[in-house]
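Student: Residue numbers (the numbering used here): 13 to 178.
Next up is a structure, given as structure tokens.
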Amino acid sequence: MAGDKPEGGEVPLLYSEGNVAARVALEREVRGWSTTELAERVTRAGVRMNQTAVWRIENGTPRRRINLDEALAFTRVFELPLEELMSPPLEGLDIGSRRLVQEAVEAFYETRDARDRLHHAVVAIANHVKARPDSSRAIHEQCLRLMGDERDARILTSDIEDGGHY
Numbered sequence: 013m014a015g016d017k018p019e020g021g022e023v024p025l026l027y028s029e030g031n032v033a034a035r036v037a038l039e040r041e042v043r044g045w046s047t048t049e050l051a052e053r054v055t056r057a058g059v060r061m062n063q064t065a066v067w068r069i070e071n072g073t074p075r076r077r078i079n080l081d082e083a084l085a086f087t088r089v090f091e092l093p094l095e096e097l098m099s100p101p102l103e104g105l106d107i108g109s110r111r112l113v114q115e116a117v118e119a120f121y122e123t124r125d126a127r128d129r130l131h132h133a134v135v136a137i138a139n140h141v142k143a144r145p146d147s148s149r150a151i152h153e154q155c156l157r158l159m160g161d162e163r164d165a166r167i168l169t170s171d172i173e174d175g176g177h178y
């Protein structure tokens with residue numbers, strides 16, 4: 013049927029070992045890792061790998077095959093679902109842009125985790141104040157001492173009085 017294949021080529025596979033190899037190279041470069049560093053990270057993730065294996069996966073002719081254990085180790089190291097690792101790399105983003113997106117994603121998760129920790133700590137303090145209402149002023153004073161800023165201490169104390177951060 014006309015239009016099934018790009019002119020002069022085959023229909024690209026949605027999921028393929030070639031995609032995994034391209035994604036391994038891209039994800040490694042985005043993170044600024046050497047092939048040696050990636051091999052060490054894969055090994056720490058539970059699958060022995062050396063720098064030569066990474067190079068042959070990315071550049072070998074013929075390309076080194078990737079077994080399932082290795083693919084799963086790459087997903088752990090890159091923090092990607094297997095389906096994403098197997099998908100073709102997205103077009104239209106250069107390495108610099110991909111690095112910025114990676115940094116934003118990491119900051120997002122760090123912020124989310126910190127916000128969750130803050131919420132749990134605030135709930136615990138709020139429960140403490142409910143059990144000991146006379147400690148409310150001392151809690152505020154301790155926040156002020158540790159934070160050194162009256163405005164920030166008031167915000168935290170307000171969260172405690174409200175019973176949570178969000």
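Glycine included, each C-beta is placed from N, C-alpha and C at the ideal position.
I'd like the ranges of any alpha helix (DSSP H) spanning at least 4 consecutive residues and lying wholly in the segment 89 to 150.
Tutor: 94 to 98 and 107 to 143
Student: Between which two residues does the alpha helix (DSSP H) carrying Val-59 extend?
Tutor: First-last for Val-59: undefined, no H or E at that position.
Student: Buried or exposed for Arg-149, please, with buried defined as at least 16 other CB atoms from any protein chain shown within 10 angstroms of its CB.
Tutor: By the 10 Å Cβ count, Arg-149 comes out exposed.
Student: Given a cut-off of 8 angstroms on the beta-carbon distance, is the pair His-202 and His-177 in contact?
Tutor: Residue 202 is absent from the structure shown; the chain starts at 13 and stops at 178.
Student: Using the Cβ count rule (16 or more neighbours within 10 Å means buried), how would you classify Val-117?
Tutor: exposed
Student: Below 8 angstroms on the Cβ atoms is my contact criterion, and I expect Arg-75 with Ile-69 to pass it. Report the Cβ-Cβ distance as a whole number of Å.
Tutor: 7 angstroms
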